[in-house]
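Notes follow the structure.
Protein chains: 2
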Amino acid sequence: MRATFMYGAGDVRIETVPDPSIIQPTDAIVRVVNTCICGSDLHSYHQRPSTGEGTSMGHEFIGVVEDTGTAVTTVKRGDFVIAPFAWSDGTCEFCREGLQTSCLHGGFWNADGVGGGQAEAVRVPLADGTLVKVPVGEDPALLASLLTLSDVLGTGYHAAKSARVNGRTTVTVIGDGAVGLMAVLSARRLGAEQIILLGRHKDRTDLGIEFGATHVVAERGEEGIAMVRELTGGHGTHTVLEAVGYQDAYRQAVGVVRPGGTISRVGVPQYEDAPIGFGSLFGPNITLTGGPAPVRAYIEELLPDVLDGTINPGRVFDRTIGLDDVPSGYRAMDSREALKVLVRP
Amino acid sequence: MRATFMYGAGDVRIETVPDPSIIQPTDAIVRVVNTCICGSDLHSYHQRPSTGEGTSMGHEFIGVVEDTGTAVTTVKRGDFVIAPFAWSDGTCEFCREGLQTSCLHGGFWNADGVGGGQAEAVRVPLADGTLVKVPVGEDPALLASLLTLSDVLGTGYHAAKSARVNGRTTVTVIGDGAVGLMAVLSARRLGAEQIILLGRHKDRTDLGIEFGATHVVAERGEEGIAMVRELTGGHGTHTVLEAVGYQDAYRQAVGVVRPGGTISRVGVPQYEDAPIGFGSLFGPNITLTGGPAPVRAYIEELLPDVLDGTINPGRVFDRTIGLDDVPSGYRAMDSREALKVLVRP
Numbered sequence: 010m011r012a013t014f015m016y017g018a019g020d021v022r023i024e025t026v027p028d029p030s031i032i033q034p035t036d037a038i039v040r041v042v043n044t045c046i047c048g049s050d051l052h053s054y055h056q057r058p059s060t061g062e063g064t065s066m067g068h069e070f071i072g073v074v075e076d077t078g079t080a081v082t083t084v085k086r087g088d089f090v091i092a093p094f095a096w097s098d099g100t101c102e103f104c105r106e107g108l109q110t111s112c113l114h115g116g117f118w119n120a121d122g123v124g125g126g127q128a129e130a131v132r133v134p135l136a137d138g139t140l141v142k143v144p145v146g147e148d149p150a151l152l153a154s155l156l157t158l159s160d161v162l163g164t165g166y167h168a169a170k171s172a173r174v175n176g177r178t179t180v181t182v183i184g185d186g187a188v189g190l191m192a193v194l195s196a197r198r199l200g201a202e203q204i205i206l207l208g209r210h211k212d213r214t215d216l217g218i219e220f221g222a223t224h225v226v227a228e229r230g231e232e233g234i235a236m237v238r239e240l241t242g243g244h245g246t247h248t249v250l251e252a253v254g255y256q257d258a259y260r261q262a263v264g265v266v267r268p269g270g271t272i273s274r275v276g277v278p279q280y281e282d283a284p285i286g287f288g289s290l291f292g293p294n295i296t297l298t299g300g301p302a303p304v305r306a307y308i309e310e311l312l313p314d315v316l317d318g319t320i321n322p323g324r325v326f327d328r329t330i331g332l333d334d335v336p337s338g339y340r341a342m343d344s345r346e347a348l349k350v351l352v353r354p
Numbered sequence: 010m011r012a013t014f015m016y017g018a019g020d021v022r023i024e025t026v027p028d029p030s031i032i033q034p035t036d037a038i039v040r041v042v043n044t045c046i047c048g049s050d051l052h053s054y055h056q057r058p059s060t061g062e063g064t065s066m067g068h069e070f071i072g073v074v075e076d077t078g079t080a081v082t083t084v085k086r087g088d089f090v091i092a093p094f095a096w097s098d099g100t101c102e103f104c105r106e107g108l109q110t111s112c113l114h115g116g117f118w119n120a121d122g123v124g125g126g127q128a129e130a131v132r133v134p135l136a137d138g139t140l141v142k143v144p145v146g147e148d149p150a151l152l153a154s155l156l157t158l159s160d161v162l163g164t165g166y167h168a169a170k171s172a173r174v175n176g177r178t179t180v181t182v183i184g185d186g187a188v189g190l191m192a193v194l195s196a197r198r199l200g201a202e203q204i205i206l207l208g209r210h211k212d213r214t215d216l217g218i219e220f221g222a223t224h225v226v227a228e229r230g231e232e233g234i235a236m237v238r239e240l241t242g243g244h245g246t247h248t249v250l251e252a253v254g255y256q257d258a259y260r261q262a263v264g265v266v267r268p269g270g271t272i273s274r275v276g277v278p279q280y281e282d283a284p285i286g287f288g289s290l291f292g293p294n295i296t297l298t299g300g301p302a303p304v305r306a307y308i309e310e311l312l313p314d315v316l317d318g319t320i321n322p323g324r325v326f327d328r329t330i331g332l333d334d335v336p337s338g339y340r341a342m343d344s345r346e347a348l349k350v351l352v353r354p
């Protein structure tokens, strides 16, 4: 089959490799119907050292089960399924608490002998815990939105849920990428009535307004902070959903959060140390939360809204390509020509 | 009157100054019955530069109202009252949300022309919002416990409440100072059944066991982290209440918190930058919360338990002195001869 590999920063290649096959009795093989390129893939695209070895890529996919191991009971050949961006057993104490990203026996795609989603097929470990069967077939009108349940919708939703957004909380969303826009949609779904989206790309912030943003702030840094404060009586918002991952975005979050409020991060931090002392988080009693979203926990909750069209998160995809064009898809996302690229292998 | 002033690290003096008097119609004058020395006073005692000017000290006191401004309605001359460690109007949006430490019109003792509690009397701004009348008189058996409502009990309780401790959460408390011990008592009060106290002073950890600690870990650093993990099936505790404020304690908190868990800080951070990236907080979805406790919010809730003897937090005081001995009281706490020093002016 064909699959995507990254050999270093900016070096993405499509290669032919052996088809995946069942190794453990708990495995399933899924033929990928739709996959996509993630904002977090771009961190690798910028930073990965060239080692001469390629790493398989992609962690978001929906597809059809082609084969199952003897121990798999919840999905069968022909089922149309969603794969979350982490695989998990569904039975350990963390999975039972809804934190599948910390599953005791789980893991992530593209590591430990498991391939990636930007490919024609994937071996899915712990298929019973990992895969969610969609109760409809391959409805073309729904595919894009179903694919967002694999990562970006659940990640935006995790930001809002972790921050405990509700009808009484004001919200700032930092970042107009796909996850930021999903955070807007999620905050609206949870009842927030003031949602301030910080972003500079008008086509994206326009989509953010359709998803529920009530204000857009294009200014950055201190100027952007001042704008948010002006919109909130001087105090900032109860919650800040940080969907970027750079330290500048974290500092902006600290600048716009209200005393007693919550910063919820879902952008993968590209830093380790940052201010959390008296002058930033401690003095005003700010809570910092978030992390890799246990999207598996949210699929059942969000799926009905996707199926009945209440939400249409698939609108974040603004380009569709075939697998052979994935390298150009990375370039398009990196140059911000494309917001999020859908791939049909 | 006599009052305590600090002139620099290690330089505490008792001086005679004019009696405080009503300045604003919202003021009250309180004659101090009991005050005390706080672990956070020791940070100044270690670090304050000598400028030739003294700063008044003390932020914990209970006493009797001697005079009130014309606008004060909730307390009157002769009332026995508790003063929380921040003064606040009780009416702004933050006070109404229970975050009196962020009161729009409030402030802290020993600043902005307001004196400190380690004195014979104090001018209390915004007396209606700040002071809580005790429904009993100066009962000698209750004074020490009532005094803890001024800071350490409310601060320990804030740690536990902010971490959402309940009957299903396991708890680590870092620090066997007065606040750490109050955090133990608070976690127990909120129903926690496993409370691991990290501390090395046997007399203090023994008191911690009386307050509800189920395990004591005297080891520090990696060894201490390993001990907590051993006690918790390898995963750490759901909540960590950090009552120290040094970065080592924060790192220990990160080491013993369970994936998906919460670190709640009430020790005033003596650092600004610290690890919060993928390898510390983000990867395992750790929440970081806490800050200066809005103890005013907790006084009414905790007072009945103090009055009826359900809790006896006053046991953290192991030395009682007069005002003239306050300099030696600082020395005793600094050298850890005393856990917490009560002062009767």
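Line order of the protein sequences matches chains A and B.
Just so we're aligned, residue 10 is where the first sequence starts under the numbering used here, counting upward by one.
Just so we're aligned, residue 10 is where the second sequence starts under the numbering used here, counting upward by one.
In this text, a Cβ means the ideal position worked out from N, Cα and C, and glycines have one as well.
Remember, it's a predicted structure, so these values are computed and weren't measured experimentally.
query	result
For aspartate 343/B and chain A, any beta-carbon pair shorter than 8 Å?	no
Measure how close the beta-carbons of isoleucine 320/B and arginine 198/B come, nearest whole angstrom, since I'm counting them as under 8 Å.	7 Å
Taking contact to mean at least 3 C-beta pairs separated by less than 8 Å, is the stretch 152-160 of chain B in contact with the stretch 296-313 of chain B?	yes
Which residues bound the alpha helix (DSSP H) around glycine 48/B?	48-56
Could you give the uninterrupted runs of the beta strand (DSSP E) lying entirely in the stretch 88-129 of chain A, keeping only those of 3 residues or more?	89-92
Quick check on DSSP: helix, strand or coil for threonine 164/A?	helix
In three-state DSSP terms, what is arginine 328/B?	strand
Could you have a look at valine 265/A and say whether DSSP puts it in helix, strand or coil?	helix
Around the C-beta of isoleucine 295/A, are 16 or more other C-beta atoms found within 10 angstroms, so that it is buried, or is it exposed?	buried
Give the single residue among Ala302/A, Ala95/A, Thr248/A and Asp185/A whose Cα lies nearest to the Cα of alanine 227/A.	Asp185/A
Return no unless some Cβ of chain B is closer than 8 Å to the Cβ of lysine 294/A.	Residue 294/A is actually asparagine in this sequence, not lysine. Output row for asparagine 294/A: interface = yes.
Counting only beta-carbon separations shorter than 8 Å, does isoleucine 234/B have a partner in chain A?	no
Using a Cβ-Cβ cut-off of less than 9 Å, give me the residues of the stretch 237-250 of chain A that come near chain B, in sequence order.	Gly242 and His244
Compute the distance between the beta-carbons of leucine 250/B and valine 182/B, then report whether it is under 8 Å.	yes
Suppose the cutoff is 6 Å on Cβ atoms and the five residues either side in sequence are ignored; what does the same chain contact list for serine 195/A look like?	Gly165, Tyr166 and Ala169
Run the CB neighbour count on proline 29/A, radius 10 Å, all protein chains shown included, and call it buried at 16 or more, exposed below.	buried
Does any CB atom of chain A fall closer than 8 Å to the CB of valine 21/B?	no
If we require 4 or more residues per run, which alpha helix (DSSP H) segments fall completely within the stretch 198-234 of chain B?	211-220
Indicate whether glycine 67/A and alanine 128/A have their beta-carbon atoms separated by less than 8 Å.	yes
If we count the other Cβ atoms within 10 Å of its Cβ and call it buried at 16 or more, is arginine 177/B buried or exposed?	exposed
Do you know how far the Cα of glutamine 203/B is from the Cα of tyrosine 280/B?	30 Å
Could you check which residue in Val26/B, Thr79/B, Ala12/B and Pro284/B has the C-alpha nearest to that of glutamine 33/B?	Thr79/B
From this set, Phe326/B, Thr44/B, Thr246/B and Glu232/B, which residue's C-alpha is nearest threonine 223/B's C-alpha?	Thr246/B
From what residue to what residue does the beta strand (DSSP E) around leucine 316/A run?	Element bounds for leucine 316/A: not the beta strand (DSSP E) but the alpha helix (DSSP H), 305-316.
Are the beta-carbon atoms of alanine 92/A and valine 39/A separated by less than 8 Å?	yes
Note down, in chain order, every chain B residue with its Cβ under 7 Å from the Cβ of aspartate 282/A.	Asp282, Ala283 and Pro284
Output yes if chain B places a C-beta closer than 8 Å to the C-beta of threonine 110/A; else output no.	yes
Are the beta-carbon atoms of alanine 12/A and tyrosine 54/A separated by less than 8 Å?	no
Between which two residues does the alpha helix (DSSP H) containing methionine 342/B stretch?	335-343
If you pair each beta-carbon of the stretch 81-89 of chain B with each one of the stretch 100-117 of chain B, do three or more pairs fall below 8 Å?	no
Closer than 7 Å by beta-carbon distance: list the chain B residues that pair up with threonine 298/A, in chain order.	Thr296
Can you have a look at proline 27/A and say buried or exposed, based on whether 16 or more other CB atoms are within 10 angstroms of its CB?	exposed
Counting only beta-carbon separations shorter than 8 Å, does glycine 176/B have a partner in chain A?	no
Taking Cβ positions, are isoleucine 272/B and alanine 258/B nearer each other than 8 Å?	no
Roughly how many whole angstroms lie between the Cα atoms of threonine 44/B and isoleucine 205/B?	30 Å
In this structure, what does DSSP give as the bridge partners for asparagine 43/A?	Ile71/A
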